[in-house]
Structures are given as C-alpha cells and as structure tokens.
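Chains as they are written, first to last, in the numbering used here: chain A, 1 to 441; chain B, 1001 to 1227. Think of the CB as a built atom: it goes at the ideal place given N, C-alpha and C, for glycine as much as any other residue. See structure below.
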Amino acid sequence: MTSEFPHTPPRKSATFDDYTMAEIRRAAATGIYDIRGGGAKRALPHFDDLLFLGASISRYPLEGYRERCDTNVVLGTRFAKKPIELKIPITIAGMSFGSLSAQAKEALGRGASIAGTSTTTGDGGMTPEERGESKTLVYQYLPSRYGMNPDDLRKADAIEVVVGQGAKPGGGGMLLGQKISDRVAEMRNLPKGIDQRSACRHPDWTGPDDLEIKIHELREITNWEKPIYIKVGGTRPYYDTALAVKAGADVVVMDGMQGGTAATQDVFIEHVGIPTLGCIRPAVRALQELNMHRKVQLIVSGGIRSGADAAKALALGADAVSIGTAAMVALGDNDPALEEEYQKLGTTAGAYDDWHEGLDPAGISTQDPELSKRLDPVKAGRRLANYLKVMTLEAQTVARACGKNHLHNLEPEDLVALTVEAAAMAQVPIAGTDWIPGQKL
Amino acid sequence: MNTLNLKDLGVSGVNAALQAVPEDSNELAWTVVEPMGQHAIGCGLDAPLHVEIRGHAGFFCGGMNKRAEIVVKGHAGVGVAENMMSGKVHVTGNASESAGATAHGGLLVIEGDASSRCGISMKGVDIVVGGSVGHMSAFMAQSGHMVVCGDAGEALGDSIYEAVLFVGGEVESLGADCIEKEMRPEHLKKLAELLEQAGIDADPKSFKRYGSARKLYNFDIDNVDAY
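Quick look at the structure:
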C-alpha cells in the first residue's frame, strides 16, 4: 500500500559508510588486518591546495624557453668530500630489489640517469643492474641491514640512513615469502620462501647521540667522501630535522604520509604520521634557526606527482623532492591497459595496491620471472625519463612565471592557499587575503 | 710492529693509516696505543692486518671489518664488529650492547661478558662469549653461531631464523619461536671448533643448543600473539 505521507529515502551512515562496513565484515571473516602497498589514500591537505601567484606589476616574469631557469641541485655540501650534483631536483626514492623486480630497478636507474638525477636502493641491498644503470646511486642503510656490506657502501654515491618512512613512521616491514626468490633470499642471508621481517629500529644505535656516532663510523669507512642523508617519516619534522642536523647529516629526507611502502598495515598507512604539506615548513624552520638552510639540504617526498608539486615544495624551502609511487606509475604500474588482469585479482587499474603479493601484472612489484619479463627496462626507463623531463619543464614554467631564474629562488611569498588547513600547514595566506592561520594580521 | 698513537693522530688518522696499508705489504702488524675509548676505531679495514688496540674502545670498533684480525686489549663499546664480513675481532674484556650486530662472517670473541642484543640480526658471523650475554641476544638472528659460556638474559633468540645458539649456563627465558634442540654430534664438533678458535677452555658437552622452531616463518593468524 502506498503511504499517503512523503517518503524519505534510506539513509546510510557517514560514520559507518560502505567501505567501513565492508572492512568490518572482511576483518570478521579473516581475523587479520588489511595489508597493502602505497601511501595514504584518504583526502589530505596537499599541494593542490596551494596556488602560485605568478608575476604582476611588482614582479616581472622570465621569458619562457628563452631566459634561463636553472634546475640543478648539489647535495652533501656540509661534510662530504664528494657532494653529488644533479641536473634536476627530483630524485627517485628508495625502493628495494625484492619489493620490485630487477627489471623495474634497472628501469629506474636508466630513467633517472637519462634525466640527470639519482635513484636509491632499498631494503635488500644493491644489485649490479641497479649500480650499473644508475649514474648516481644512493645506498640506503636500513635497520635490517639486508645485503649491507662495505664494498657496496663504497660503490655508492651517497648513503641514506633510514630512520623511518612516511607510510609507516615507527614501523618495520615484512616481505612475504611469495616474493622471496632464490636471488632475494641469497642477498638477505635467509632461506627462500619465508617471510622476511625488517626491524623498526636500528640494531646498534638508538637516539640522536648514537646516530651521530654511527654516521661518524660510516664516514670513517668511506673516507668522508659520501654525502650522508637521514630519512625520517613525517611526524615531528621540526625536532627530527634539528636532531638530524645535530647528528651530522648532510641531507635530511622528509617523507610525508602519502609516501608509499611496499607493504604494511592499512591502519598504519592511514593513521600514523602527518601529511607531506605539514612537514616542510617546520623542517625548514629548524634548518633556518640552526643557520643550516641550504647548507644541509632538505629533500621532501610523499605524494609528489607533477612539476607543480615539486615547485611548491621547493618554494616552501625544500632543496629537492623525491618520487616513488609516481615513478612506478611512469614505469607502467596500474596501467588501465591491464584492466582485465587487475579484474582477475579483484581490483581495478588505479586501485591495485597488493604489491606484497607479488602478482603485479605490470611486472614491477613482483619477483615472478614471467611477470617480471613483461617490463622492458629500456622502454620503461625511457618513460620515466620522459616523465621526469615533463615534471622539470612544468616546474620551470611555474618558476619563470614567478620571475625566478632558478627553481631554488621560488619562495613562500609566491604561494597562497585555497583552504584554511593548507594555509596553516604551508604558512602562506589564504588566497586574496593577508591571513595566515596562527599569525596576527 | 708499527705503532699508531690515537691521541696524536685522532681516529681518522689511525683509520686512514690502517686502511691505506697495501695488500702486499710486509707490514701487517700494527698497534694502536692510547685509544681513549674513542669510537669507530679500526672500522672499514679490508686487508689481512693484525691490529692490537691497547686499551678500551668506544662504539663500533672493527665495524664492517673484512679480513683483518683486531684485538682489543680492554673493553669494547656498543656494536663492536658490527656488520663484520670476515676476519676476527677479539675483545679481552667486556663488550657493550649489540656486539656483532648484523655481522655476515668472521669470528667475534669476547672473553668477558656481552651486554644486551649480542648477535642481533647476525647474518653468518660466529660469536663466542666467555661470560654471559644480556637480554634479547640473538634477536632475529639469521645465520651463524653464537656460543655463550655463561648465562643468557631474557628472550634469547627471539624471532630467530637459522642461527645456532649454544649456551653453557642458564637461560633466563627464550624469545618467541626459539626452542631448545637436540645436541647432535655435528653440533658438538662445531662447538668444539669454535671454542678452540676462541681459545676458551670449556667442555662442549656442558652446553645446550637452541634454535628456531620455524613456526613464525610464514604469517599465520593463529600465531599472532607471538609476533
């Protein structure tokens, strides 16, 4: 019988939305938390919430394609005998052989070298392919010390002591057994096919005082030649940056919560750490207060996707940015051309994040020989190089519009924010106002 | 015998001198005097040197050693012989935390006691401790052997992989997935070899063997309380 009264449609809870209830049902059925790759997927204040002002009567622009806008960056000028100079301030973040196929690592090296930038090892050590194809290679020094040895340490162009990463600050890792091939097992001194746990903190130092001694040891082993980076997950950027400087870092790498991981708990990725946008100004302030801005370089990572993102990070005070997820996408990750295969895995292109399972149809986050062969490292490396060049051109375009002849001349004054949150984090005014949250007019 | 005075040369001066010894040099025996407990002494060596450090050493003495034989005539600080690849580091006194951490090879001998996390994440090194070791020793130990002639603190061998542990005294407690195992003839033989190499007089038959139950090797929700 039709009611004579107006009928309101069924209303779903904003708190218990479809995704939340599906996750409760999944947890109830399996008894295990969700593990996935990638970074935070929730909407966060980000670089899209900032805009460049460009030139106006008080500032004149530079002619596009005619007037120079330099992009080079020198990293490791504080203590290292051999600082590294990159053509562009966009580096490739640490991703391990093990989480990625050898072909993917080779492609990253190829692409980065063509574009004139560095790539970075990951947990599991340095492969000959990676060293061979990377003109500039940063060697990560991680808590697990898988594959760590003094020969590779000396072959590296820089050393990155990893304290944490944005996807899981305070967390370790686990490479599941299905991705442990003979080669991965050999490099990590463990049997094939078993889960390989990566500790959450270093085995032989705790705290900044110990870290200072550890860095001293690494410098002694490498004749004080290599720039030493300290990578931290974005949590307390002001204090972590200051402590990294105190510990003797040449470079601080600040990784926000949008930064990816090969695998960790979804609850960790989405609920621990702070957005990249909120990391930069406190880190820069710490450097400035210590008179170390531009002397200790700051690399920012976590959700960098475009030249605009890179330019905004640099305008806020970073010396360079680093990309991981975006580099994987450039190689071919989550390509809609593979939609049919993603569907078979119960997902869809653009959402595939079960990188830990080793079934990546793109041949990137896998150790399966057949899947890995799908990735042509030469072609994939070319795609990455193209993408890096586009990012650089985009950043130059923005910088010229702001009248800057070097990307490092971008400054916070060039930016405004679209939201109160972004304005507060970036410490720039809301567009059309002079108001920066937390500061008096 | 060549002598390096660390007080005069500094750590970098001493290390640079040792690291610069040519592979085919006849001058392979070196003595470091007045080490003053400084850190990173003798790290990064890669030659068949014999280096005697006369006094106490600070953190990371002999770190990442390859092929050299380093003797510390005194105590050693945190992370002695960390990530050693080969060669030998011998401490006549006690060692602080994380002795032999992540070491891939070689032999680490500590005549006295070693503090907590001795052999943490060891990856092939052999460690012989004449005294006792502290808590969480052999945590996530991957491979190699650890001999403890005295006692072991709590949570020995927590999350251990394929390393083999021999303890002569009492074990306060075993960590997750670490169990006592049968001491078979091949283990007695290996233990006797290690004791002999370390120059420690002890009866292998008085030791017990510990290793992995291998129940945490692949994630199982029913073992979640052990992780």
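Contact annotation: the segment 161-173 of chain A does not touch the segment 1114-1126 of chain B, with fewer than three C-beta pairs closer than 8 Å.
In the displayed model, Leu1028 (chain B) falls within coil according to three-state DSSP, outside both helix and strand.
Of the residues A:Glu411, A:Ile221, A:Arg236, A:Arg183, the one whose Cα lies closest to the Cα of Ser96 (chain A) is A:Arg183. Interface with chain A (7 Å Cβ-Cβ cutoff): Ser1121 (chain B) is included.
Scanning the segment 88-116 of chain A from its first residue to its last, the whole beta strand (DSSP E) runs of 3-plus residues come out as 90-92. Around the beta carbon of Glu1111 (chain B), 16 or more other beta carbons lie within 10 angstroms, which makes this residue buried. By the neighbour-count criterion, in which 16 or more other beta carbons inside 10 Å mark a residue as buried, Val1078 (chain B) falls on the buried side. Inter-segment contact for the segment 220-229 of chain A and the segment 266-273 of chain A is absent: fewer than three beta-carbon pairs are separated by less than 8 Å. Listed by position along chain B, the residues whose Cβ is nearer than 7 Å to that of Pro191 (chain A) are Glu1162.
Per DSSP, reduced to three states, the secondary structure at His408 (chain A) is helical.
With respect to the C-alpha of Leu371 (chain A), the residue from A:Gln396, A:Gly332, A:Asn386, A:Ala395 having the closest C-alpha is A:Gly332.
In this structure, the beta-carbon distance from Ile221 (chain A) to Gly1044 (chain B) falls below 7 Å. Taking each of B:Ile1160, B:Leu1156, B:Ala1163 in turn and checking the Cα distance to Glu1170 (chain B), the smallest one comes out for B:Leu1156. With a threshold of 16 other beta carbon atoms within 10 Å, Lys105 (chain A) meets it and is buried. Taking 3 residues as the minimum length, the beta strand (DSSP E) runs contained wholly in the segment 1101-1183 of chain B are 1107-1110, 1123-1129, 1143-1148, 1164-1167, 1178-1181, in order along the chain. Shown here, Ile194 (chain A) sits in coil according to DSSP, grouped into three states, outside any helix or strand.
Membership of Leu75 (chain A) in the beta strand (DSSP E) is indicated by the continuous run 73-75.
As the crow flies, the alpha-carbon of Ala1141 (chain B) is around 37 Å from that of Asn334 (chain A). Per DSSP, the beta-bridge partners of Gln140 (chain A) are A:Glu160. Where His1050 (chain B) is concerned, the enclosing beta strand (DSSP E) starts and stops at 1050-1054.
Of all residues in the segment 1011-1041 of chain B, only Val1011, Ser1012, Asn1015, His1039, Ala1040 place a beta-carbon less than 7 Å from a beta-carbon of chain A. In the displayed model, Arg59 (chain A) falls within a strand according to three-state DSSP. When DSSP states are grouped into helix, strand and coil, His7 (chain A) belongs to the coil group. In this structure, DSSP gives Glu225 (chain A) a state outside helix and strand, which the three-state scheme calls coil. Contact between the segment 345-365 of chain A and the segment 390-403 of chain A is absent, with fewer than three C-beta pairs closer than 8 Å. According to the DSSP assignment, Thr119 (chain A) belongs to the beta strand (DSSP E) that extends over 118-120. The criterion of a C-beta distance shorter than 7 Å is not satisfied by Val163 (chain A) and Tyr141 (chain A). Looking at the DSSP output, Ile323 (chain A) bridges to A:Ile92.
In terms of CA proximity to Ser1143 (chain B), A:Arg188 leads the group A:Arg188, A:Leu359, A:Asp250, A:Ala40. Of all C-beta pairs linking the segment 283-295 of chain A to the segment 309-319 of chain A, three or more are shorter than 8 Å, placing the two stretches in contact. In the DSSP assignment, Arg281 (chain A) falls within the unbroken alpha helix (DSSP H) covering 277-289. Under DSSP, His1090 (chain B) shares a beta bridge with B:Val1071, B:Val1109.
Annotation for Gln1038 (chain B): no alpha helix (DSSP H) segment contains it, and DSSP assigns it neither H nor E.
Straight across, the Cα-Cα distance linking Ser1098 (chain B) with Lys41 (chain A) is about 38 Å. With a cutoff of 7 Å on beta-carbon distance, Ala1114 (chain B) and Val1133 (chain B) are scored as near each other. Within chain A, the residues whose beta carbon sits less than 9 Å from that of Phe1059 (chain B) are Asp204, Trp205, Asp210, Ile213, Lys214, His216, Glu217, listed in sequence order.
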